Structures are given as structure tokens and as C-alpha cells.
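Residue numbers (this note's numbering): 88 to 424. Yeah, the Cβ is synthetic: ideal placement off N, Cα and C, and Gly gets one too. Treat the numbers as computed from the prediction; the structure is a model and nothing was measured.
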């Protein structure tokens, strides 16, 4: 099987066509390392040239930097020709004198992030995003990071706040036609499942939980999505790096240095890939797309070269024999989950 950047899949609940490869803008915002203005513009331009038409960003990314850069890079492109998704749940405020910038982002804009999932904050967040992006149209909106990782013991309270605030606001904006669809963006499958079961979502973006190394989304989230025809966008198909960089000792898995058992599993994956003369990166990018509920994979790029690589991996022909050998070696995470 192989794919093209121009290949799309339609949402079950809304007449929206989602490109199978989306460009995630976290790296453009300086996630765990700086991305220059030149590289940022070149990577977005190269993505456009190759036919990538879904760009996913968030106020959090670089404290507004990613939205600002994306809007500038695509300002001369016909707005109807590309799909924009951004997120709500964080409001940006000017950084107070003496407060240090976030260490998660390299060279962020001088704003502080404040979690707020209320109705009013959701409306303000979208207005602010449109100003940073230089557009009056946002196609898709995600309620962002209502998860244990970000909210800790307050996740239950934040969930209730998001359902009574952000969910209500986005439901109204969808009904009025101001946005086309809305969903959630999380790395927490249990909270994501709760949103699907209790909300009226069109899609879920889940990070790193349906990959060659971690298919835990199979446990509760994917069955819940199947029951309610909620589409899935799979972000982080390389699990923060190791499936892109390979089994080197300094590889990262789920935003932390990979442990030896993960490295050994990747080495076994690499051997099977070598048997079929395919890059492990191609298998990682295409694995989620084999599931009928998955609309797309969303991944980030720092340079135009990385965009070129992903496009090649996407159109790499992967024979059925590869997936069969993966399963026989007990390395198919979809079967193991």
C-alpha cells in the first residue's frame, strides 16, 4: 500500500475531507529546539508544493509563534485551498516582568500560557488565533490537553469545565457554520474516550497512541470512536523521534530518552524492514492509515528536507508480506494491544 499527499478521507459525521498527511506546527513553534524563520518558511512552502493541505497548530506552540509563522507563510495562498486546525484551552497573556519563558519552547514569543476551558475563554482564544494567523476562517478546532500529563489531579475538574465551556462554544460555532467540525487533541486515551462517550465530537487527534510501538488507543478509544463514528487523526506517528531517527542510543520515545527495551524492539522492526527493503519510517507513517477509523497522520517538520523525506515515505509501496512478517514476529502492536 502507498499514499499520496493529495489523498483525502472524508469524516463520517461531517462533509469534510481530511488529507491523509497533516503538517503539525509544534516544531515550527520551537518544540525542544529552535527552528529558524528561514527553515520555517521553507518547510511550509515545500509542504505546499508537494500537495500537503492540512496545517495543524495551537496557541501553545511557541506561545503564539507557530500560528504567527503559519499565517505569514500561507498569506498569499487561496484560503479555500487549505485546511486549518487550531486549538483552545490555553489563553496567552503578556509575560509578566521577571517571569522566565517556558523551557519547552526555544525562542517563544513573550507570552505566558494560562489554562482556561471556559466558554468566554474559548471565544477569546479563537479570536486571538485568527489575529495571529491573519485569517477570518478556522476550519477545525480541538479542545487541547485535558489530560493527566498536563492537568494532573485536576483533570476531572478540567474535563467538566471543558464540557460546559469549550464544548458548548464549539457546538454553537459548528451549528452556525463558523467552523466545520471540532474535536479534541490529547495524549491521554482514557480522557479522550470519556470525551467521545459524553460529547458530540467529529474527530479525535491522539498523539503517539496508535503506532508501531504503542497501540494503546485500541483498548478503549478506538472502540468508542467506532461506536459513534468519530474519526481519528493520529499525531506523533514516530513516537517523538525514535521511529524517525532509528535505534540509536540517544533516541527519544514519548518525549523522553528511549529505554533499552524500546530500542531493542525498534532494532527488530528495522531488521524486518530491511528484509523487505523498506524504511522503518515509511512503515511508521503508514501503519495508522491501515485502520478504517483513521483519517490521517499528523507529524511535524523543521526543514524542507524533512518534508521531502515524509512525502517519500508516504508513497513507499509496502507489501502485505511485510505486515504478515511483523505479525508473525509478534511485533504488530494492533494485535498485541
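Boundaries of the alpha helix (DSSP H) harbouring residue 399: 391-401, taken from the DSSP string.
C-alpha of residue 391 to C-alpha of residue 114: approximately 13 Å in a straight line. Rounded to the nearest whole angstrom, the C-alpha separation of residue 103 and residue 184 is 44 Å.
For residue 260 and residue 169, the gap between their C-alpha atoms comes out near 20 Å. Less than 7 Å divides the Cβ of residue 111 from the Cβ of residue 387.
Taking a contact to require three or more Cβ pairs closer than 8 Å, the region 120-128 and the region 376-384 do not qualify as touching. Annotation for residue 386: no alpha helix (DSSP H) segment contains it, though the beta strand (DSSP E) segment containing it runs 381-387. Ranked by Cα distance from residue 227, the first of 217, 279, 312 is 217. Between residue 400 and residue 366, the beta carbon gap of about 6 Å places them in contact (Cβ cut-off 8 Å).
Under DSSP, residue 192 forms a beta bridge with 118.
Per DSSP, the continuous beta strand (DSSP E) segment holding residue 143 begins and ends at 141-143.
Taking a C-beta distance under 7 Å as the contact criterion, residue 288 and residue 234 do not qualify as a contact pair.
Excluding sequence positions up to five before and after residue 345, its CB lies within less than 7 Å of the CB of 329, 338, 339, all in the same chain and listed in chain order. The beta carbons of residue 173 and residue 209 sit no closer together than 7 Å. Membership of residue 319 in the beta strand (DSSP E) is indicated by the continuous run 318-322. Under DSSP, no beta-bridge partner is assigned to residue 162. Around the beta carbon of residue 221, fewer than 16 other beta carbons sit within 10 angstroms, so the residue counts as exposed. The Cβ-Cβ distance between residue 148 and residue 116 falls below 7 Å. Looking only at 243, 292, 151, the smallest Cα-Cα distance to residue 98 is reached by 292. In the DSSP assignment, residue 146 forms no beta bridge with any residue. Within its own chain, the residues whose Cβ lies closer than 6 Å to the Cβ of residue 368, once the five positions on either side in sequence are excluded, are 331, 400, listed in chain order. Residue 105 sits in a strand when the DSSP states are folded into three classes. By the neighbour-count definition (other C-beta atoms within 10 Å, threshold 16), residue 106 is a buried residue.
With 16 or more neighbouring CB atoms inside 10 Å of its own CB, residue 389 falls in the buried class. In this chain, the beta strand (DSSP E) harbouring residue 97 covers 95-97.
Residue 181 carries a strand assignment under DSSP once its states are collapsed to helix, strand and coil.
Fully contained in the region 231-285 are the following alpha helix (DSSP H) runs of length 4 or more, in chain order: 235-238, 242-251, 253-263, 276-285.
The beta carbons of residue 276 and residue 304 sit closer together than 7 Å. Exclusion of the five residues before and after residue 270 leaves 229, 288, 289, 290, 291 as the residues of its chain whose Cβ lies within less than 6 Å of its Cβ. Per the C-alpha coordinates, the member of 422, 133, 178 positioned closest to residue 298 is 422.
Within the same chain, 283 come within 7 Å of residue 315 by CB-CB distance, once the 5 residues on both sides are set aside.
As DSSP reads the structure, residue 175 sits in a beta bridge with 230.
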